[in-house]
Amino acid sequence: MAGRVVYSSAVILLLCVVQISLTSDSHYTNYWVVRVPGGEAAARDVAARNGFKYLHKFDHLADHYTLLHDQTEARSKRSADNVNTKLASDPQVHWLAQQVAHKRVKRQLFADEDPFAWKEETFVGDEYPDISLSESRREEMMAKRGEIPDEQSSEVEQEKKSSDGDKAEARAAVDDFVNSVIEQGHSEKVDHMVKFNDPEYSRMWYLHNDGQTKGPKGLDINVIPAWVNGYTGKGIVATIVDDGFDYTHPDLKRNYDPEASFDYSDPKNLNGNPMPVPESSDPMNHGTKCAGEVAMEADNDNCGVGVAYDAKIGGIRLITGPTSDAQEAAALSHKRDHIDVYSCCWGPSDNGRTVQAPGELVSRILEDSTTYGRNKRGNVYIWASGNGGTNDDDCGADGYVSSIYTIAVGAISVDGLSSYYMEACSPTMAVVPTGGKHTNPADLEKMLRSGMVYEEDIITTDTNHKCTDHFQGTSSAAPLATGIVALTLQANPDLTWRDVQHIVVRGAKVPNPEEPGWSLNGADLQVHHKYGFGMMDASAMVKLAQEWTNVGHQHRCVVTYDGPERDIPAGGEVELELEADGCHDTRDLVEVLEHVQSVMTIDHQRRGDLSVKLTSPSGTESQLMSTRSQDDSSDGFQEWPFMTVYNWGEDPSGKWTVAVKDNPGSRRKRSNEPVGKVRAWSLVLWGTRDEDKFDQRAAEMEKAARCVDAEDKEDCALKALVSDFTKDFTDEVMPNDIVPADEMESQKAEEGVSIDGLLNTFYHAVDKIQREKGNKNDKIPVTVEQARKFISNMERQDPAWLKHQINELEDLIQTMKKMDKREEEK
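Below you can see the structure in the form of structure tokens.
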């Protein structure tokens, strides 16, 4: 145990001392991460002969170690080139990175670049600010203070006393009702089955929208049916990677998980305590608010209820100042076999002029943890999409949001429309309702003073044991999504990280079709650059998870543009085209798309004037980057991996087009000369092979090989088809003993039967017979009863998949009956 404490201390010392007394957005530090094969002894030797202090081995990345160089300034705007050169020349050093501390912004509604400071009202105990309360709630608080007549006060007190029985009543109701609830949609009957005595639960419109807001009734995350069916997050661990959280809060302490918590930000806090440390410029209460949304305890007469109120919740203290690549990587892989979901509501600044990707270590950790974390099922990373809407920002410039390993989540209003602070971008996968007006209010301060915002905000925990009803921004969206994912994982713990993304896509719904921009992609999925695939639906996702079959292995197909570099004309557009076949006939075959990355190097005089649009063979358009009025940089995009999820489910084969357009604004001198150049482009197609096509193709290739020397190849192929079907049918489907018809429905289907292959073979064999008009030589040697038994067994194995084909097969069986009769007559 002592060794473990020393190790944690070393981690903190290395990763965090760089944050002391920062005054700028980023700087080089005097810490390095190196890759040295050969073990710790080799790493110590490298450190000693190059003037470094060895600190510790880096978790989860083989042969990576952290070193400290005392002779280098702790913070500098210049890299230590001499030190880097010497270290790189060491033959045992295979990779190195001097650590840089970057500014990271918490995605609360009013960030530090907004025109006025965020001053938020909170309440604790009876101290509720009247501005935030409905009339009935205000009267209740006045009653507690003795400010209304005794008769009315007595009624409120009686209601308070009776609340102790609510828990037993609610639990009993759930027990009685849980087995009878099948439908996972909205139902007032279902909603009213769940009652909690938490004082703010009735106002939590985003959990159960009974008309508390001016928006449409029923616009919420539809979590009640999931709760009623017993899915409350039990057994799942979620962690808030943020500025820490107050784990002593009465609404959080029961669900607090110390193993899922640590402090990677403060070198003085050597015990890993994630408790926030308020500063004069920041109350450090952001993580506490996020944690409450996920896992506030239910029915404890305190504040509200979390989406996954039985889940365990941890807090990782990280975002208290600029952070390094090593800090972030350590935080995002902390206890990764214990933690299921990491919730992150921060990233590069949403100022509309920043383009920044995760560092090398974070990039490796995200890939590694989705491969090996959570006992090789992959950790799930939920990321707030960003609040830069008022800064004309585009979350495609945020490499955390646009990573294929994260689920980017946005926020919508009580009307189901995009919140005014939302950013539009093609990596956004889904949204949740958190409040915020659709249009940017002209006078935010006046809006706050009037109390207009409070009616629509998220209610959650706050530091110092407080409860707040004023939390907005995409920071409030990611925790709601985290809670929904916790319920989904409880329903099916064997889901991989990609399964979860598929379920988000398939379970989302269009919250308000009135907002323009919705379109169907090539797989008939609704997509929108602000909503992703729509609003997350907890009950729909839980239901999908219960019946889900793990998706196939992830494949990666790279297609590179080999044409010349192309000039970008002033005020004009240049188009490049690629032909893709999904890496056909290779092990990297992709036939069903998930993520698509368009890796581009583009030079331009003013980056903010660029827009980039990708069009798939199916005609789906992804706005990879929109113009950004605040971005004056001339750096362009250097091997930037623009990402879109809007081709999900499509076939990648065909022509892909990328259009790069110059949109000159008033902040640039006009010119008739080319203003930029597209230097390189490649597509990275992520997805799976089509299992149905693969099985059919493999079978066809095998049969073709058998018949290559036959005189009548068609006749040979048919007989091979019939022969294979007969063997599979008799060996795997039909039992050795004859089963009476009345027992047929209760018999369990044999395991290991390939439904796709057998049904496909059966269908084509019988169809061939039908077309051949009963040719005796081609007649399939299967009786009608065998065919019925075949269908019965398969129907019990996969009813959803088979249902639409049953009628066709029954018709074919009738044809077989007629054929049998003709044979008997002959």
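Residue numbers (mature numbering (1 follows the signal peptide of the UniProt record, and there is no 0)): -23 to -1, 1 to 803.
Beta carbons are placed, not taken as given, at the ideal position from N, Cα and C, and that holds for glycine.
Limits of the beta strand (DSSP E) - the one that E616 falls within: On the sequence shown, residue 616 is found 639 positions in, with the first residue counted as 1. Judged by DSSP secondary structure, E616 falls within the beta strand (DSSP E) whose first and last residues are 614 to 621.
Per DSSP, cross-strand counterpart(s) of G365: Counted from its first residue, the sequence shown places residue 365 at position 388. None; G365 has no bridge partner.
Proximity winner among D471, L502, K632, relative to G212 (alpha-carbon distances): Here residue 212 refers to the residue found at position 235 when the sequence shown is read from its first residue. Per the C-alpha coordinates, the member of D471, L502, K632 positioned closest to G212 is D471.
Own chain partners of S346 with C-beta closer than 6 Å, once the 5 adjacent residues on each side are dropped: Position 369 of the sequence shown holds residue 346. If the five residues before and after S346 are omitted, its C-beta is found closer than 6 Å to the C-beta atoms of S310, R313, N356, all from its own chain and listed in chain order.
Counted within 10 angstroms of its Cβ, other Cβ atoms place K191 as buried (16 or more) or exposed: If you number the sequence shown from 1, residue 191 lands on position 214. It counts as exposed.
Close-in-space but distant-in-sequence residues of the same chain around E90 (CB under 6 Å, 5 per side omitted): In the sequence shown, residue 90 corresponds to position 113, counting from 1. Interpretation of E90 is limited by its pLDDT of 31, a score under 50 that renders its predicted location unreliable; the figure taken from the coordinates is listed afterwards. Contacts found: N328.
CB of N570 within 8 Å of CB of G509, strictly: For the purposes of this step, residue 570 is taken as residue 593 along the sequence shown, with counting starting at 1. For the purposes of this step, residue 509 is taken as residue 532 along the sequence shown, with counting starting at 1. Inspection of the sequence shows that residue 570 is occupied by Leu rather than by Asn. Against a cut-off of 8 Å, the Cβ pair of G509 and L570 comes out as no contact.
contact_flag[the region 526 to 535, the region 566 to 583] where n(CB pairs < 8 Å) is 3 or more: Between the region 526 to 535 and the region 566 to 583 there are three or more C-beta pairs closer than 8 Å, enough to call the two in contact.
Within 8 Å, strictly: CB atoms of L295 and A308: For the purposes of this step, residue 295 is identified with residue 318 of the sequence shown, where counting begins at 1. For the purposes of this step, residue 308 is identified with residue 331 of the sequence shown, where counting begins at 1. In this structure, A308 lies closer than 8 Å to L295 by Cβ.
First and last residue of the uninterrupted alpha helix (DSSP H) at A522: In the sequence shown, residue 522 corresponds to position 545, counting from 1. Its alpha helix (DSSP H) spans residues 515 to 523.
Local Cβ density within 10 Å of G188, reported as buried at 16 or more and exposed below that: If you number the sequence shown from 1, residue 188 lands on position 211. Answer is exposed; the Cβ neighbour count stays below 16.
Residues sharing a beta bridge with I384, DSSP: Residue numbering aside, residue 384 sits at position 407 when the sequence shown is read from its first letter. I384 is bridged to I359.
Nonlocal neighbours in the same chain, by C-beta distance under 7 Å from T438, ignoring five residues either side: Within the sequence shown, residue 438 is the residue found at index 461, counting from 1. Around T438: H226, D228, L229, T265, K266, A268, G269, M273, C280, C444.
Continuous beta strand (DSSP E) stretch holding I579: start and end: As a first step, residue 579 must be located in the sequence shown, where it is residue number 602. Annotation for I579: the continuous beta strand (DSSP E) segment containing it runs 569 to 581.
Beta-carbon proximity list for D667, same chain, < 6 Å, skipping 5 on both sides: Taking the sequence shown and counting its residues from 1, one reaches residue 667 at position 690. Same-chain partners within the cutoff: E568, V569.
Test item: CB-CB of Y8 and Q76 under 8 Å: Here residue 8 refers to the residue found at position 31 of the sequence shown. Here residue 76 refers to the residue found at position 99 of the sequence shown. With respect to the 8 Å criterion, Y8 and Q76 are classified as neighbours on the basis of their beta carbons.
The region 201 to 210 / the region 515 to 528 touching (three or more Cβ pairs under 8 Å): Proximity of the region 201 to 210 to the region 515 to 528 meets the contact definition, three or more beta-carbon pairs being nearer than 8 Å.
Beta-carbon contacts of C402 that lie in its chain and below 6 Å, excluding the five residues immediately before and after: Taking the first residue of the sequence shown as position 1, residue 402 is located at position 425. The residues are D371, C372, G373.
Counted within 10 angstroms of its Cβ, other Cβ atoms place A718 as buried (16 or more) or exposed: Stepping through the sequence shown from its first residue, residue 718 is reached at position 741. For A718, the predicted model reports a pLDDT of 34, less than 50, meaning its position is unreliable and no value from the coordinates is stated.
L73 - DSSP class collapsed to helix/strand/coil: In the sequence shown, counting from the first residue as 1, residue 73 sits at position 96. Three-state result, L73: strand.
Rounded distance between the beta-carbons of D609 and R644, thought under 8 Å: Position 667 of the sequence shown, counted from the first residue, corresponds to residue 644. Position 632 of the sequence shown, counted from the first residue, corresponds to residue 609. Indeed, because the Cβ distance is near 6 Å, the residues count as touching under 8 Å.
Where I461 sits in the DSSP three-state scheme: Looking up residue 461 in the sequence shown gives position 484. Helix.
Of the listed residues V318, G336, L601, nearest to D302 (C-alpha basis): Stepping through the sequence shown from its first residue, residue 302 is reached at position 325. The residue with the shortest Cα to Cα distance from D302 is G336.
As assigned by DSSP and simplified to three states, the class of K137: Numbered from 1 along the sequence shown, position 160 holds the residue referred to as residue 137. Reliability fails at K137, whose pLDDT of 32 lies under 50, so the model's placement of it is uncertain and the value that follows must be treated cautiously. Correct three-state label for K137: helix.
Distance between F29 and S53 (C-alpha atoms, nearest Å): The residue labelled residue 53 in the question sits at position 76 within the sequence shown. The residue labelled residue 29 in the question sits at position 52 within the sequence shown. Rounded to whole angstroms, S53 to F29 spans 18 Å at the Cα level.
Beta-carbon gap between A215 and V318 smaller than 8 Å: Position 238 of the sequence shown holds residue 215. Position 341 of the sequence shown holds residue 318. Between A215 and V318, the C-beta gap is smaller than 8 Å, which places the two residues in contact.
Alpha-carbon to alpha-carbon, K63 and D223: For the purposes of this step, residue 223 is taken as the residue at position 246 of the sequence shown. For the purposes of this step, residue 63 is taken as the residue at position 86 of the sequence shown. Their backbone Cα atoms lie some 45 Å apart in a straight line.
Completely contained alpha helix (DSSP H) runs for the region 245 to 318, where each covers 4 or more residues: Complete alpha helix (DSSP H) runs here, min 4: 263 to 272, 302 to 309.
Buried or exposed by the 16-neighbour rule on C-beta atoms within 10 Å, applied to D580: Reading the sequence shown from its first residue, position 603 is the one you call residue 580. Burial call: buried.
Nearest candidate by alpha-carbon position, reference S659, set V622, V652, S575, D67: What you label residue 659 is simply residue 682 of the sequence shown in a count that begins at 1. That would be S575, whose Cα lies nearest to the Cα of S659.
Contact the region 245 to 263 vs the region 194 to 203: 3+ CB pairs below 8 Å: The count of Cβ pairs closer than 8 Å, one atom from the region 245 to 263 and one from the region 194 to 203, stays below three, leaving the stretches out of contact.
Beta-carbon spacing of S452, R81 below 8 Å: Against the sequence shown, residue 452 aligns to sequence position 475. Against the sequence shown, residue 81 aligns to sequence position 104. Their beta carbons are not under 8 Å apart, which means S452 does not touch R81 by this criterion.
Segment limits, alpha helix (DSSP H) that includes G664: If you number the sequence shown from 1, residue 664 lands on position 687. Unbroken run through G664 is the beta strand (DSSP E), 653 to 665; no alpha helix (DSSP H).
G484, buried or exposed, once every other Cβ within 10 Å from all chains shown has been counted against 16: What you label residue 484 is simply residue 507 of the sequence shown in a count that begins at 1. Here G484 is buried, its C-beta having at least 16 other C-beta atoms within 10 Å.
Among D67, P251, P410, nearest to K194 - alpha-carbon criterion: On the sequence shown, residue 194 is found 217 positions in, with the first residue counted as 1. In terms of CA proximity to K194, P410 leads the group D67, P251, P410.
Alpha helix (DSSP H) runs wholly inside the region 501 to 565, at least 4 long, in chain order: Those alpha helix (DSSP H) runs which fall completely within the region 501 to 565 and span 4+ residues are 515 to 523.
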